[in-house]
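Participant: Structure below; questions to follow.
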Amino acid sequence: MSLEFSEYRCKKKYKSKRRNIPVFRVLVLLSLIFVAFKLGWISKLVELLPLPGNEKVEVIKTWQDLCREAGGKPFNLKDELVQCSWVVDDSTKALPNAFLRYVASLRTSRAEKLHWVASAEDFENAILVQREDSLVYTYFRVILSDSNYVWIDAATGCRFPGLCPKRPLEWSNIPVMNDFDFEGQDRLLAEDVFLGLGEAPVHPVLPGVVRKAGRDSLGAFIEIDHGNNIFTKMSGISFSPSEGDSLDLNSVVGRLPPKDSAAFFLTVRRNGLFVRWNDFYKAAYPVDSAEISKFKEQIGFR
């Protein structure tokens, strides 16, 4: 039997090592804490914590505050209406509303007054805007049947900004009647017919320049370029201006034939497409005169 021997080693007594304090790191940390305290970072951090008393208090601005912040001067009106006014000149700062900026861009004198009238409870949504120089121009903000709002020029009743066509006669266009012959009905697929007294003057529906003038089977005709890709053609009148003539709404482009009851044809084209006169006119006058009068009474406008 063989014997096996193994070496026995005694465990050394553990001797604790002395740890050195990282003085440099402590100094850097203390310096950072001191800088953060001096700069107010610690107090800001405490404010961000969800602690009692750190809730944000919502500042409610009055309509006067909103007016003054926009550089305007506030006024109280009757019936809970309020007004913010500016004197607009070359040094005026940017106005707070796109519509106000557009109206201000129409300025024709060195300094003009601009007024924003609204309810005190809904100051940011005006009911009317006025531009004042030697004259006063008023624009109403009216709600339509589809709940959309439009601006209306108080002087013309037209949507603003936008086209403001006038009727060429006092009478509106008439629909296709049973007694029209086939040729007449065919023409009305791309034209509107107006009926009036003989020799009544015919006016352009918009200002423009005569593009072409001549004669066709219905008599004299005239084509007018109104700009913005809008063209009109009038046929069946007794005479017309010359090509290149500039026309305004008071110009006479022709007269109806000398009959007790006479008609002429009107074609309106926008972007190359035929547009019915009633649709073209309705788009420019989305609110009828009775509704505008009612709106004026409601806000006490004179």
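Heads up: the sequence shown is residues 541 to 842, going by the numbering used here.
Here a beta-carbon is modelled for each residue, glycine too, at the ideal position from N, C-alpha and C.
Round the Cβ separation of Leu709 and Gly736 to the nearest angstrom and send it over; I've been treating them as touching at under 8 Å.
Facilitator: Numbered from its first residue, the sequence shown carries residue 709 at position 169. Numbered from its first residue, the sequence shown carries residue 736 at position 196. Indeed they touch by this definition, with Cβ atoms about 5 Å apart.
Participant: With distances taken Cα to Cα, identify the nearest neighbour of Val657 among Pro701, Tyr679, Trp626, Leu668.
Facilitator: The count along the sequence shown starts at 1 and reaches residue 657 at position 117. Comparing Cα positions, the closest option is Leu668.
Participant: Where does Val815 fall in DSSP's three states?
Facilitator: Translated into positions along the sequence shown, residue 815 becomes position 275. Correct three-state label for Val815: strand.
Participant: Exposed or buried, which one is Arg565 when buried takes at least 16 other CB atoms within 10 Å?
Facilitator: Sequence index remark: in the sequence shown, residue 565 carries index 25 (1-based). Classification for Arg565: exposed.
Participant: Examine chain D for any beta-carbon lying closer than 7 Å to the beta-carbon of Cys698, and answer yes or no.
Facilitator: In the structure shown, chain D cannot be found, because there is only a single protein chain.
Participant: Can you give me the C-alpha to C-alpha distance between Arg671 and Phe680, rounded to a whole angstrom?
Facilitator: Position 131 of the sequence shown holds residue 671. Position 140 of the sequence shown holds residue 680. C-alpha separation (whole angstroms): 12 Å.
Participant: Among Ser625, Asp630, Val690, Ala740, whose alpha-carbon lies nearest the alpha-carbon of Pro798?
Facilitator: Numbered from its first residue, the sequence shown carries residue 798 at position 258. Selected option, being the one with the closest Cα: Ala740.
Participant: Report the rounded CA-to-CA distance for Val628 versus Lys653, giving the unit in angstroms.
Facilitator: Taking the sequence shown and counting its residues from 1, the one referred to as residue 628 is at position 88. Taking the sequence shown and counting its residues from 1, the one referred to as residue 653 is at position 113. Spanning the two alpha carbons is a distance of roughly 6 Å.
Participant: Residues in the same chain with beta-carbon distance under 6 Å from His766, minus the five sequence neighbours each way, listed in chain order, please.
Facilitator: Here residue 766 refers to the residue found at position 226 of the sequence shown. So the list reads Leu746, Gly748, once near-sequence residues are dropped.
Participant: With DSSP as the reference, label Cys698 as helix, strand or coil.
Facilitator: Within the sequence shown, the letter at position 158 stands for residue 698. Coil.
Participant: With Leu796 and Phe805 assumed to form a contact (beta carbons below 8 Å), what rounded beta-carbon distance in angstroms separates them?
Facilitator: Taking the first residue of the sequence shown as 1, we reach residue 796 at position 256. Taking the first residue of the sequence shown as 1, we reach residue 805 at position 265. Actually they do not touch by this definition, with Cβ atoms about 11 Å apart.
Participant: Just to confirm before moving on: does the CB-CB distance between Pro705 and Ala824 stay below 7 Å?
Facilitator: Here residue 705 is taken as the residue at index 165 of the sequence shown, counted from 1. Here residue 824 is taken as the residue at index 284 of the sequence shown, counted from 1. Cβ distance < 7 Å, so Pro705 and Ala824 count as in contact.
Participant: With DSSP run on the structure shown, which of helix, strand or coil describes Asp619?
Facilitator: Residue 619 sits at position 79 when you count from the first residue of the sequence shown. Coil, per DSSP.
Participant: Confirm, please, whether the CB-CB distance from Asn769 to Asn811 is below 7 Å.
Facilitator: As a position in the sequence shown, residue 811 is number 271, starting the count at 1. As a position in the sequence shown, residue 769 is number 229, starting the count at 1. Going by C-beta atoms, Asn811 is nearer than 7 Å to Asn769.
Participant: Find the nearest neighbour of Arg707 within the set Asp788, Glu609, Val599, judged by alpha-carbon distance.
Facilitator: By 1-based counting over the sequence shown, the position of residue 707 is 167. Checking every option, the nearest Cα to that of Arg707 belongs to Asp788.
Participant: Looking at the strands, I want to know which residues DSSP matches up with Trp691.
Facilitator: Indexing the sequence shown from 1 puts residue 691 at position 151. DSSP, once it has assigned bridges, lists Arg681 as partnering Trp691.
Participant: Just verifying my parser: in three-state terms, what is the DSSP assignment at Glu783?
Facilitator: Translated into positions along the sequence shown, residue 783 becomes position 243. It is coil, neither helix nor strand.
Participant: Got a sec? Which residues, its chain only, sit under 8 Å from Pro715 by beta carbon, not counting five neighbours each side?
Facilitator: Reading the sequence shown from its first residue, position 175 is the one you call residue 715. Residue placement at Pro715 is poorly supported in this model, since its pLDDT is 46, which falls under 50; the coordinates are not used for a value here.
Participant: Return the CA-CA distance between Val808 and Trp817, expressed in angstroms with no decimal places.
Facilitator: By one-based count along the sequence shown, residue 808 stands at place 268. By one-based count along the sequence shown, residue 817 stands at place 277. Those two C-alpha atoms are separated by around 7 Å.
Participant: Is Glu783 near Ala753, with beta carbons less than 7 Å apart?
Facilitator: Along the sequence shown, read from residue 1 onward, the residue named residue 783 stands at position 243. Along the sequence shown, read from residue 1 onward, the residue named residue 753 stands at position 213. Contact: yes.
Participant: By the three-class DSSP mapping on this structure, what secondary structure does Asn718 have?
Facilitator: Position 178 of the sequence shown, counting from 1, holds the residue named residue 718. Residue placement at Asn718 cannot be trusted, given a pLDDT of 48 that sits under 50; the coordinates are not used to answer.
Participant: Does the separation of the CB atoms of Lys849 and Ser631 fall below 7 Å?
Facilitator: In the structure as shown, the chain begins at 541 and stops at 842. Residue 849 is therefore absent and cannot be evaluated.
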